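Residue numbers (my numbering): 29 to 420.
Even glycine gets a Cβ: it sits at the ideal position worked out from N, Cα and C.
Owing to the predicted nature of the structure, the values given are computational and were not obtained by experimental measurement.
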């Protein structure tokens with residue numbers, strides 16, 4: 029098949045910050061069997077055409093363009109896709125994110141008589157005014173997403189949690205749970221014995237403490253929707269009961285100074301380390317070194333970090349968003365923003381090593397069965413192949 033994938037941004041030499049590993053993994057997998065063209069609307073910042081693992085990337089370089097320039101962005105993207113289609117027809121258009129990419133993909137499908145797929149990959153159907161997060165807060169985003177979801181031949185979501193939200197906007201026959209896959213060749217358990225596994229002290233070149241710590245890992249951008257404020261409140265509660273606990277936060281963002289100040293105010297600074305950014309290929313070392321992975325988000329459409337952690341054999345606890353409710357025992361999933369409940373779930377896991385081991389084993393089996401890249405890639409191909417050649 030000749031596939032046109034439309035995205036907000038994509039990996040590019042010299043602009044690694046705009047690489048989303050799960051997206052690049054999907055493109056790489058599809059390009060092994062199909063002719064794939066990626067049309068990237070905003071990033072990288074420059075206009076360019078380049079190769080990526082067998083795919084061709086067409087970068088429009090619109091950056092943060094808004095207002096009237098946003099209309100020009102959409103018009104020029106459609107025009108470029110139509111020109112490429114006339115050169116050699118595409119079989120299908122796929123918008124990854126439902127706002128601008130979904131609008132472009134579904135519009136191209138309608139104009140050119142081809143099926144279109146739209147994937148809800150973020151907060152397109154969410155609105156949190158208190159933190160300024162979600163597509164529903166923008167009138168133009170609401171309109172773009174609405175048009176995309178109405179026109180698409182098929183709509184995919186990465187979790188049953190998001191499917192419940194999307195069901196109010198998409199008919200059941202067009203709505204599919206089809207997650208982005210995790211690379212289980214990269215994210216896999218420690219192959220050495222527990223005694224020889226790498227530790228956080230080795231990763232950070234620090235001296236080991238006098239007493240062994242219980243290491244909790246959190247990987248996320250430091251932003252309001254990830255709710256690290258609740259994460260630190262939880263840490264303070266747990267540390268009172270388990271002084272050996274230590275929280276490792278991997279990621280960067282505008283909230284780091286305020287979070288560090290919060291940790292100090294809670295008297296928890298000695299129990300937390302901010303590691304900053306860690307290269308994607310180094311993350312498995314952190315997951316394997318952790319005793320528990322913790323998610324505190326107010327919203328996740330799927331949560332790749334949870335899948336990465338479980339694929340590495342790390343037990344998980346967290347808020348009832350994304351894949352967590354379908355992946356974990358209910359006792360390990362708590363309401364959003366409830367530090368007390370999250371602390372209780374952590375306490376139960378710290379106190380029961382056998383339960384942690386069993387949870388990690390069961391969750392990893394579920395990831396291998398339903399979320400591994402070598403499963404989700406073929407499932408996406410089957411969805412493509414099952415769509416009619418004309419417009420729905």
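Cut-off 6 angstroms between Cβ atoms - residues of its own chain near residue i, not counting five sequence neighbours on either side
| i | result |
| --- | --- |
| residue 238 | Interpretation of residue 238 is limited by its pLDDT of 49, a score under 50 that renders its predicted location unreliable; the figure taken from the coordinates is listed afterwards. Once the five neighbours on either side are set aside, residue 238 has no close Cβ partner at all. |
| residue 290 | 260 |
| residue 140 | 113 |
| residue 82 | 59 |
Residue i versus residue j: straight-line alpha-carbon distance, rounded
| i | j | result |
| --- | --- | --- |
| residue 98 | residue 261 | 40 angstroms |
| residue 215 | residue 309 | 9 angstroms |
| residue 154 | residue 161 | 8 angstroms |
| residue 417 | residue 389 | 42 angstroms |
| residue 420 | residue 151 | Bear in mind that the predicted position of residue 420 carries a pLDDT of just 38, short of 50, making it unreliable; the figure below should be weighed with that in mind. Cα to Cα, residue 420 sits roughly 26 angstroms from residue 151. |
| residue 34 | residue 302 | 35 angstroms |
| residue 364 | residue 96 | 37 angstroms |
| residue 192 | residue 349 | 11 angstroms |
| residue 223 | residue 378 | Low confidence applies here, because residue 223 scores a pLDDT of 48, under 50, leaving its location unreliable and the question unanswered by this model. |
| residue 75 | residue 314 | 36 angstroms |
| residue 100 | residue 167 | 18 angstroms |
| residue 423 | residue 409 | Limits of the chain in this structure are 29 at one end and 420 at the other, which puts residue 423 out of reach. |
| residue 60 | residue 80 | 11 angstroms |
| residue 201 | residue 413 | 16 angstroms |
| residue 89 | residue 73 | 4 angstroms |
| residue 53 | residue 130 | 20 angstroms |
| residue 118 | residue 256 | 43 angstroms |
| residue 254 | residue 115 | 44 angstroms |
| residue 195 | residue 123 | 18 angstroms |
| residue 229 | residue 386 | 26 angstroms |
| residue 169 | residue 137 | 20 angstroms |
| residue 380 | residue 373 | 11 angstroms |
| residue 407 | residue 109 | 25 angstroms |
| residue 174 | residue 401 | 29 angstroms |
| residue 231 | residue 274 | 15 angstroms |
| residue 199 | residue 411 | 16 angstroms |
| residue 304 | residue 278 | 5 angstroms |
| residue 286 | residue 29 | 49 angstroms |
| residue 432 | residue 41 | This structure cannot settle anything about residue 432, because the visible part of the chain is limited to 29 through 420. |
| residue 48 | residue 280 | 15 angstroms |
| residue 148 | residue 179 | 14 angstroms |
| residue 219 | residue 203 | 39 angstroms |
| residue 294 | residue 111 | 59 angstroms |
Cβ distance (whole Å) where residue i is taken to contact residue j below 8 angstroms
| i | j | result |
| --- | --- | --- |
| residue 176 | residue 146 | 5 angstroms |
| residue 183 | residue 205 | Incorrect: roughly 10 angstroms between the Cβ atoms, too far for contact. |
| residue 250 | residue 284 | 5 angstroms |
| residue 292 | residue 245 | The pair is not a contact, with the Cβ atoms about 21 angstroms apart (cut-off 8 angstroms). |
| residue 330 | residue 135 | Not quite, the Cβ-Cβ distance comes to about 25 angstroms (not below 8 angstroms), so this is no contact. |
| residue 399 | residue 207 | 6 angstroms |
| residue 57 | residue 368 | With a Cβ gap of about 42 angstroms, residue 57 and residue 368 do not count as contacting. |
| residue 326 | residue 156 | 7 angstroms |
Beta-carbon proximity list for residue i, same chain, < 7 angstroms, skipping 5 on both sides
| i | result |
| --- | --- |
| residue 339 | 210, 212, 215, 216, 392 and 395 |
| residue 269 | 375 |
| residue 128 | 36, 69, 102 and 172 |
| residue 197 | 153 and 177 |
| residue 227 | 317 |
| residue 266 | 273, 371, 374 and 375 |
Beta carbon of residue i nearer than 9 angstroms to that of residue j
| i | j | result |
| --- | --- | --- |
| residue 242 | residue 320 | yes |
| residue 107 | residue 32 | no |
| residue 359 | residue 324 | no |
| residue 328 | residue 352 | yes |
| residue 337 | residue 361 | no |
| residue 159 | residue 252 | yes |
| residue 248 | residue 306 | no |
| residue 2 | residue 86 | A question about residue 2 goes unanswered here, because the residues of the chain that appear run from 29 up to 420. |
| residue 264 | residue 288 | no |
| residue 384 | residue 343 | yes |
| residue 62 | residue 84 | no |
| residue 94 | residue 126 | no |
| residue 105 | residue 67 | yes |
Same chain, Cβ closer than 8 angstroms to residue i, neighbours up to 5 away in sequence not counted
| i | result |
| --- | --- |
| residue 397 | 403 |
| residue 415 | 120, 143, 145, 181 and 182 |
| residue 312 | 214, 215, 216, 336 and 340 |
| residue 322 | 244, 245, 246, 259, 262, 275, 344, 345, 346, 370 and 374 |
| residue 50 | 208, 209, 210 and 332 |
Sheet register partners of residue i (DSSP bridge)
| i | result |
| --- | --- |
| residue 361 | 346 |
| residue 297 | According to DSSP, which records beta bridges pairwise, residue 297 is partnered with nothing at all. |
| residue 30 | 63 |
| residue 182 | 145 |
| residue 277 | 246 and 302 |
| residue 54 | In the DSSP output, where bridge partners are listed per residue, residue 54 has none listed. |
| residue 156 | 161 |
| residue 121 | 32 and 144 |
| residue 76 | 87 |
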